[in-house]
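If you count the sequence shown from 1, you need to add 35 to reach the working numbering. We treat Cβ as the ideally placed atom computed from N, Cα and C, and that holds for glycine. Data first, discussion second: the structure below is written as structure tokens.
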Amino acid sequence: MYRLAEARRKRERQEAEERACVEAAWKERTARWMEKTGGELRSEKPPKSFYATRQRYAAVASEIARKLREEHRTKLIASSASRGGGVRDHRHQREEGMTEEEEAADKRHPRQRETTQNKSNLHYKHSRGEGKVPARRNKKPNTEAPVVPTQKEQQQPTGPSKEERKLSGLQAKLAALRAKMK
């Protein structure tokens with residue numbers, strides 16, 4: 036019993052000494068701070084936000100993205116103006132390019148929603164016992180006949196000249212424009 040009481044008193048003395056040391060250290064620090072600042076808080080620089088660097092990065096990234104979007108728009112408008120047409124939606128281009136047979140087929144078989152045409156999710160509709168899931172549509176093979184080289188082409192192994200290449204490119208563009216106008 037005597038030993039326990041003695042150990043308790045010793046522990047209390049040590050804790051009191053530690054508290055006194057900590058209080059003395061705080062008093063010393065506050066005294067130094069008062070001498071340095073005169074008791075006033077500095078108002079030179081506010082504390083930096085935790086998100087400051089992220090916000091700065093986001094601002095720079097949004098500015099870069101805005102510039103790139105503007106450049107892309109101007110290039111798109113310039114290229115579409117040089118082709119002879121204004122900016123059009125894909126829907127309008129598709130509707131203008133339809134022939135009578137396609138329109139008639141459209142009226143006979145109205146189109147389903149895009150999600151029902153996609154066959155990748157048919158395994159959700161058919162249980163395993165019903166049989167196979169229908170295969171995807173196969174790509175149509177190329178029906179164009181291979182070009183047979185003539186004697187003229189065999190005589191010129193170097194290929195068409197620069198002017199001939201330009202001319203053929205322009206003729207192809209002209210044919211495409213004629214097809215669009217029909």
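**Report entry** Cβ-based neighbour list, SER97, same chain, cut-off 8 Å, excluding 5 preceding and 5 following
**Finding:** none
Query raised in the report: What three-state label does DSSP hand ARG118 in the structure shown?
Result: coil
Query raised in the report: So, helix, strand or coil for MET216, using DSSP?
Result: helix
Query - Helix, strand or coil at ARG77 according to DSSP, with G and I counted as helix - result: coil
Query - TYR86, enclosing alpha helix (DSSP H) - first and last residue - result: Element bounds for TYR86: n/a, residue is neither H nor E.
Query - Rounded straight-line distance, which links the Cα of PRO82 to that of GLY74 - result: Those two C-alpha atoms are separated by around 19 Å.
Query raised in the report: So what does DSSP say about THR109, is it helix, strand or coil?
Result: helix
Requested in this report: Step through the CB atoms of chain D and report whether any lies within less than 7 Å of the CB of ARG200.
Outcome: Note that chain D does not occur in the displayed structure, where there is just one protein chain.
Query raised in the report: Which stretch, first to last residue, makes up the alpha helix (DSSP H) that contains ALA180?
Result: First-last for ALA180: undefined, no H or E at that position.
**Report entry** MET228: first and last residue of the uninterrupted alpha helix (DSSP H) it sits in
**Finding:** Because residue 228 is not part of the residues shown, which for the chain are 36 to 217, the question remains open.
Query raised in the report: ALA180 to ARG108, Cα distance in whole Å?
Result: 41 Å
**Report entry** Distance, ARG67 Cα to GLU53 Cα
**Finding:** 21 Å
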